[in-house]
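Colleague:
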Ligand code: FES
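Structure follows, in structure tokens:
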């Protein structure tokens, strides 16, 4: 006798809106997931750059007690990402408070058997296209950017393990939402490898001052945007000056 699965919401999760899965394909997968038995609702979200963000969808769905299943569309499987995801969701739950619905995490699609079939299918695909005719990079020249400020988000190991990717995604989404590239003196952003003070992870540095910010979360990014990028003032509570001695997060 078959049993009807209990209803749940399904969240299709990928990393960025621009480089992993095209938005149209995600919309198609979302509609397909929503039509499955036991699925009351489905959405897609991005753990890094792109909207809706994972945080936004989870905060929205946290308001009632319908169980949530996160389905990572990330290939190959990435244990570090899984650890990051669990820690970050736990942090958001603590920040938000209240009672959250149960949240499950589906297996990553990159198990060896599936990957072997996928690679074989790709090699024999009828949709192979020629790689030719592309212009060499820089042939048309480049405009030197006029933006005064540069925000570097550290993606080194210690910073990554405490949520640097979600900080990066939040910064990029706010950069787009607030048109920060052209607002005020203008800003640009970039990921970087280790900036040095790993004990202060996640670390963000703002130039031209070279201000190092530690323990930055989404609220910290909001303050850096409003006060430093748009207001020109350093956020002293999050900033760590070069003192020559070891510092810990305050
Ligand atoms: S890994 Fe981020 S400061 Fe070292």
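In the numbering used here, the protein residues as written are 906 to 1155. Even for Gly, the Cβ is constructed at its ideal location relative to N, Cα and C.
(1) What do you reckon, are the CB atoms on residue 1008 and residue 994 nearer than 9 Å?
(2) Name, in chain order, the residues that DSSP records as bridge partners for residue 946.
(3) Could you tell me which whole alpha helix (DSSP H) segments of length 4 or greater appear in the segment 1041-1074?
(4) In terms of alpha-carbon separation, which member of 1134, 963, 914 lies closest to residue 1052?
(5) In angstroms with no decimal places, state the Cα-to-Cα distance between residue 987 and residue 958.
(6) Do you know how far the Cα of residue 1118 is from the Cα of residue 1144?
(7) Of all the beta strand (DSSP E) runs that stay within the bounds of the segment 932-977, which reach a length of 3 or more residues?
(8) Would you kindly report the start and end of the unbroken alpha helix (DSSP H) that includes residue 1125?
(9) Can the beta-carbon of residue 1128 be found closer than 9 Å to that of residue 1114?
(10) Is the separation between the beta-carbon of residue 1096 and that of residue 1057 shorter than 9 Å?
(11) For residue 1112, which three-state DSSP category applies?
(12) So the beta strand (DSSP E) residue 990 belongs to, where does it begin and stop?
(13) Do you know how far the Cα of residue 1026 is from the Cα of residue 985?
Modeller: Short version:
(1) On the chain shown, position 103 is the one that residue 1008 refers to. On the chain shown, position 89 is the one that residue 994 refers to. Cβ distance < 9 Å, so residue 1008 and residue 994 count as in contact.
(2) Position 41 of the chain shown, counted from the start, is the residue given in the question as residue 946. Partner(s): 914.
(3) 1062-1066
(4) For this step, residue 1052 is matched to residue 147 along the chain shown. If we check each option's Cα against that of residue 1052, 1134 comes out closest.
(5) Locating residue 987 in the chain shown gives position 82, counting from the first residue. Locating residue 958 in the chain shown gives position 53, counting from the first residue. In a straight line, the C-alpha of residue 987 is about 17 Å away from that of residue 958.
(6) Residue 1144 sits at position 239 when you count from the first residue of the chain shown. Residue 1118 sits at position 213 when you count from the first residue of the chain shown. Cα to Cα, residue 1144 sits roughly 4 Å from residue 1118.
(7) 944-951, 973-977
(8) Translated into the one-based positions of the chain shown, residue 1125 becomes position 220. That run of the alpha helix (DSSP H) goes 1123-1128.
(9) Taking the first residue of the chain shown as 1, we reach residue 1128 at position 223. Taking the first residue of the chain shown as 1, we reach residue 1114 at position 209. Going by C-beta atoms, residue 1128 is not nearer than 9 Å to residue 1114.
(10) Working through the chain shown from its first residue, we reach residue 1096 at position 191. Working through the chain shown from its first residue, we reach residue 1057 at position 152. Yes. Within cutoff.
(11) If you number the chain shown from 1, residue 1112 lands on position 207. Note: residue 1112 maps to strand in three-state DSSP.
(12) As a working note, residue 990 is residue 85 in the chain shown. That residue, residue 990, is in no beta strand (DSSP E); its alpha helix (DSSP H) goes 984-1001.
(13) Here residue 985 refers to the residue found at position 80 of the chain shown. Here residue 1026 refers to the residue found at position 121 of the chain shown. So the alpha carbons of these two residues sit roughly 27 Å apart.
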